[in-house]
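Mapped onto the working numbering, the consecutive letters of the first sequence carry residue numbers 501 to 980.
The beta carbon of each residue, even a glycine, is placed where N, CA and C say it ideally should be.
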Amino acid sequence: MLECKRIMVRTRIAPSPTGQDFHIGNAYTALINYIFAKQNKGRFIVRIEDTDRTRLVEGSETRILNTMNWLGLTPDEGPYRQSERKELYKKYALELINNGHAYYCFCTPQRLTEVRNQMQKQGKPPMYDGFCKKIKNSPRASLDESRRGEAGQKYVIRLNVPDEGETNFNDLIRGKVSFQNKLIDDQILLKSDGFPTYHLAVVVDDYLMKISHVIRAEEWLSSTPKHILLYNAFKWPLPFFAHLPILRNPDKSKLSKRKNPVWVSYYREQGYLPEAINNYLMTLGWTHPKQLTIFPLSEAILEFSFDRVNKSGPIFDVVKLTWMNGEYIRMMNNEELADKLYSYMNKKFDRKLLLLVSSLLKQRIKKLSEAEGLIDFFIKKPDVDLKVLIPKKRDSQQAKKVLNEVIQDYMGLNNWSTASIHDLGNKIVEKSRWKPVELFQMIRVAISGKTVTPPLFESMEILGKEETINRLETALRNIS
RNA sequence: GCCGCUAUCGUCUAGGGGACAAGGACGCCACCCUUUCAAGGUGGAAACCACGAGUUCGAAUCUCGUUAGCGGCACCA
Numbered sequence: 501m502l503e504c505k506r507i508m509v510r511t512r513i514a515p516s517p518t519g520q521d522f523h524i525g526n527a528y529t530a531l532i533n534y535i536f537a538k539q540n541k542g543r544f545i546v547r548i549e550d551t552d553r554t555r556l557v558e559g560s561e562t563r564i565l566n567t568m569n570w571l572g573l574t575p576d577e578g579p580y581r582q583s584e585r586k587e588l589y590k591k592y593a594l595e596l597i598n599n600g601h602a603y604y605c606f607c608t609p610q611r612l613t614e615v616r617n618q619m620q621k622q623g624k625p626p627m628y629d630g631f632c633k634k635i636k637n638s639p640r641a642s643l644d645e646s647r648r649g650e651a652g653q654k655y656v657i658r659l660n661v662p663d664e665g666e667t668n669f670n671d672l673i674r675g676k677v678s679f680q681n682k683l684i685d686d687q688i689l690l691k692s693d694g695f696p697t698y699h700l701a702v703v704v705d706d707y708l709m710k711i712s713h714v715i716r717a718e719e720w721l722s723s724t725p726k727h728i729l730l731y732n733a734f735k736w737p738l739p740f741f742a743h744l745p746i747l748r749n750p751d752k753s754k755l756s757k758r759k760n761p762v763w764v765s766y767y768r769e770q771g772y773l774p775e776a777i778n779n780y781l782m783t784l785g786w787t788h789p790k791q792l793t794i795f796p797l798s799e800a801i802l803e804f805s806f807d808r809v810n811k812s813g814p815i816f817d818v819v820k821l822t823w824m825n826g827e828y829i830r831m832m833n834n835e836e837l838a839d840k841l842y843s844y845m846n847k848k849f850d851r852k853l854l855l856l857v858s859s860l861l862k863q864r865i866k867k868l869s870e871a872e873g874l875i876d877f878f879i880k881k882p883d884v885d886l887k888v889l890i891p892k893k894r895d896s897q898q899a900k901k902v903l904n905e906v907i908q909d910y911m912g913l914n915n916w917s918t919a920s921i922h923d924l925g926n927k928i929v930e931k932s933r934w935k936p937v938e939l940f941q942m943i944r945v946a947i948s949g950k951t952v953t954p955p956l957f958e959s960m961e962i963l964g965k966e967e968t969i970n971r972l973e974t975a976l977r978n979i980s
């Protein structure tokens with residue numbers, strides 16, 4: 501689909517280490533970048549955008565990288581860190597000063613706020629008024645940096661945006677997009693602390709790192725013209741741009757932590773599988789040409805194309821993700837599920853036990869976190885509530901009598917297998933004249949303390965004869 | 001407020017002028033299976049294709065306008 505001739509495809513994900521973990525929206529963007537790189541035998545790069553020193557969150561970078569790894573989106577290069585490249589950006593900012601595409605600005609934050617307020621009052625877009633643009637050629641501007649420092653004069657460097665004309669580009673997803681230059685702000689490129697803003701850093705890095713396709717969320721669409729102006733000012737070739745739809749909350753606003761769990765680690769802790777998360781994310785905004793819903797990453801790599809990416813922002817639906825996760829759990833074989841559960845539950849259960857119960861669990865759980873509540877009675881004596889134990893239409897005397905028969909009969913059973921436990925169970929039903937559901941539910945509650953469990957006879961087999969009878973006796977004793 | 005993007009069942013979407021009285025998936029409801037809960041099977045409700053014009057023999061599909069939603073307008077990314 502690419503018209504570009506044999507260029508090396510290089511994509512990147514550029515997270516900021518300002519949050520608890522990797523954001524699910526970032527995971528979405530990373531996924532598309534990863535898939536597109538793999539599809540084109542290119543490289544997928546991670547770059548940490550840590551130029552905002554005030555918002556850094558300790559440990560964030562490590563967690564982001566770990567999470568990407570867990571998702572299977574392991575970068576081919578990186579992490580590169582913008583904070584380690586600080587001097588580089590300054591050099592390029594100065595180059596722009598020299599060729600007239602940028603200028604020094606000495607305005608104070610207070611003045612800027614004032615200007616913005618005034619603009620807004622007048623119903624104009626809140627932009628910088630170009631005050632320092634006029635002093636571009638004044639002696640002050642030509643001071644070298646050390647002397648400026650002596651003078652204690654703080655400054656920033658701004659992009660000199662042309663007043664006329666328009667800047668347009670072709671987005672791989674949205675087609676032609678254009679903006680009038682007079683509405684583009686003289687963006688700050690270099691902050692007074694010497695760090696670049698996103699806009700400078702992203703362009704310099706994408707160029708230096710030979711990023712061929714800038715694939716990012718739609719929230720960047722309106723700053724793309726600034727970036728293009730920068731590429732032009734440097735006389736650098738443009739990369740391809742693709743602006744992905746933004747994931748949304750159920751109320752349609754941009755997916756945010758206030759309204760939804762957004763950290764990938766949350767989903768990991770809840771027992772979602774990375775394969776399911778990736779698959780679900782892929783179905784948002786993109787459809788498989790054969791309209792498959794469940795498909796592996798390899799399939800997405802094979803079939804992905806930008807022209808099947810939707811332009812509108814999809815709502816992130818946890819319910820559907822959960823369903824899909826269940827599908828993935830059901831697709832696993834018993835060993836795989838047992839292994840997953842073993843490490844997920846921190847070795848709380850014996851691996852052998854997990855292997856035995858995994859086939860019973862498989863079609864009953866949608867998240868790994870649901871397993872424990874279903875099988876904890878295997879390793880823990882149940883608390884039996886008599887009200888639940890004794891069937892509604894029976895009294896305690898009847899229950900006692902029947903339970904006693906159950907115990908006697910099962911004690912005599914030598915072949916402790918699901919099939920024979922089942923057979924004997926049916927015989928007891930006949931003998932007792934209880935309804936099957938009454939009898940079996942009573943046994944279920946007696947051995948597990950629950951009304952909802954994996955299949956009864958299988959559970960009894962796994963529990964073992966001795967333990968089963970033991971629990972039945974305990975229940976019997978409690979009735980009187 | 002200004003700029004930009006978007007618009008098909010509640011949600012994710014198929015569709016690209018006639019095959020659409022709009023198909024699939026999740027969710028929901030009913031039934032079947034069943035010792036519980038699930039899973040599975042079958043069926044169902046659910047979209048006047050945002051609205052209004054236009055182009056055309058013919059529009060969900062093309063054009064324009066309106067409306068609505070979202071995004072952006074920081075020495076944040």
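Leaving out five residues on either side along the sequence, give the residues of the same chain with a beta carbon under 6 Å from the beta carbon of methionine 960.
-> Setting aside the 5 residues that flank it on each side, methionine 960 is surrounded in the same chain by Ile921, Thr968, each with a C-beta closer than 6 Å to its C-beta; the list follows chain order.
According to DSSP, is glutamine 999 helix, strand or coil?
-> Outside the shown range of the chain (501 to 980) lies residue 999, about which nothing can therefore be said.
Hey, which unbroken runs of the beta strand (DSSP E) at 3 residues or more fall wholly within the segment 502-582?
-> 510-513, 543-548, 577-581
Residue burial classification, threonine 554 (beta-carbon count within 10 angstroms, cutoff 16) | exposed
For arginine 716, the nearest candidate out of Glu769, Trp823, Lys811 (CA to CA) = Lys811
Between Gly771, Met845, Val857, Lys847, which lies nearest to asparagine 833 when the distance is taken from Cα to Cα?
-> Check the Cα spacing between asparagine 833 and each of Gly771, Met845, Val857, Lys847: the tightest is with Val857.
What residue does the beta strand (DSSP E) around lysine 892 start on, and which one ends it?
-> That residue, lysine 892, is in no beta strand (DSSP E); it is neither H nor E in DSSP.
Specify the secondary structure class of glutamine 618 as computed by DSSP and reduced to three states.
-> Annotated three-state conformation of glutamine 618 is helix, per DSSP.
Give the secondary structure of aspartate 671 by DSSP, where H, G and I count as helix, E and B as strand, and everything else as coil.
-> strand
Check tryptophan 823 in the structure and name its three-state DSSP category.
-> helix
In angstroms with no decimal places, state the Cα-to-Cα distance between isoleucine 602 and lysine 757.
-> Strictly speaking, residue 602 in this sequence is alanine, with isoleucine absent from that position. Their Cα atoms are separated by approximately 37 Å.
Would you report the Cα separation of lysine 931 and valine 884, rounded to the nearest angstrom?
-> 25 Å
Can you name, in chain order, every residue of its own chain whose Cβ lies under 8 Å from the Cβ of arginine 830, other than the five neighbours on each side?
-> Closer than 8 Å at Cβ, skipping near neighbours: Lys862, Gln863.
Residue environment, proline 725, which counts as buried when at least 16 other CB atoms sit within 10 Å | buried
Whole alpha helix (DSSP H) elements within the segment 671-729, 4-residue minimum = 698-708
Have a look at threonine 613 and arginine 581 and give me their C-alpha separation to the nearest angstrom.
-> 31 Å
State whether the segment 672-681 contacts the segment 701-708, with contact taken as three or more CB pairs (one from each stretch) at a distance under 8 Å.
-> no
Assuming phenylalanine 795 contacts asparagine 779 (C-beta within less than 8 Å), just tell me the rounded distance between them.
-> 7 Å
Going along the chain, which residues of its own chain have a beta-carbon closer than 7 Å to the beta-carbon of threonine 793, five neighbours each way excluded?
-> Thr783
What distance in whole Å lies between the Cβ atoms of leucine 889 and aspartate 909, which are believed to be in contact at a cut-off of 8 Å?
-> Wrong, their Cβ atoms sit about 18 Å apart, outside the cutoff.
Looking at C-beta atoms only, is the number of pairs between the segment 552-568 and the segment 507-521 that lie closer than 8 Å three or more?
-> yes
Return the CA-CA distance between proline 639 and serine 712, expressed in angstroms with no decimal places.
-> Model confidence at proline 639 stands at a pLDDT of 48, short of 50, so the residue's coordinates are unreliable; what they give is reported in the following sentence. So the alpha carbons of these two residues sit roughly 41 Å apart.
Could you check if glycine 649 is buried or exposed, using at least 16 other CB atoms within 10 Å of its CB as the buried criterion?
-> The pLDDT assigned to glycine 649 is 48, lower than 50, so where the model puts this residue is not dependable; a value taken from the coordinates is nonetheless given after this. So glycine 649 ends up on the exposed side.
Per DSSP, cysteine 605 is paired with what?
-> According to DSSP, which records beta bridges pairwise, cysteine 605 is partnered with Val656.
Buried or exposed (CB count within 10 angstroms, at least 16 for buried), glutamine 653 = exposed
With phenylalanine 940 as the anchor, note down where its alpha helix (DSSP H) starts and where it stops.
-> 936-948
For glycine 525 and leucine 747, believed in contact at Cβ under 8 Å, the rounded distance = Correct: roughly 5 Å between the Cβ atoms.
Out of Ile979, Ile513, Leu802, which has the shortest C-alpha to C-alpha gap to glutamine 897?
-> Comparing Cα-Cα distances from glutamine 897 to each of Ile979, Ile513, Leu802, the minimum goes to Ile979.
Residues near phenylalanine 536 by beta carbon distance below 6 Å, same chain, minus five either side = Thr511
Look up isoleucine 818 in the DSSP assignment and say whether it is helix, strand or coil.
-> What sits at residue 818 in the sequence shown is valine, not isoleucine. Helix.
When DSSP labels each residue in this structure, what does glycine 744 get in the three-state scheme?
-> The sequence shown places leucine at residue 744, not glycine. It is a strand residue.
Can you give me the Cβ contacts of leucine 744 inside the same chain, cut-off strictly under 8 Å, excluding the 5 residues immediately before and after it?
-> Tyr528, Thr529, Ile532, Ile673, Ile715, Arg716, Ala717, Glu718, Gly785, Val809
Decide if lysine 735 is buried, meaning its Cβ has at least 16 other Cβ atoms within 10 Å, or exposed.
-> exposed
Where the alpha helix (DSSP H) through tyrosine 592 begins and ends = Tyrosine 592 -> alpha helix (DSSP H) spans 586-598.
Cβ pair isoleucine 865, leucine 972 closer than 8 Å = no
Going by DSSP, what residues sit across from valine 764 in a beta bridge?
-> According to DSSP, valine 764 shares a beta bridge with no other residue.
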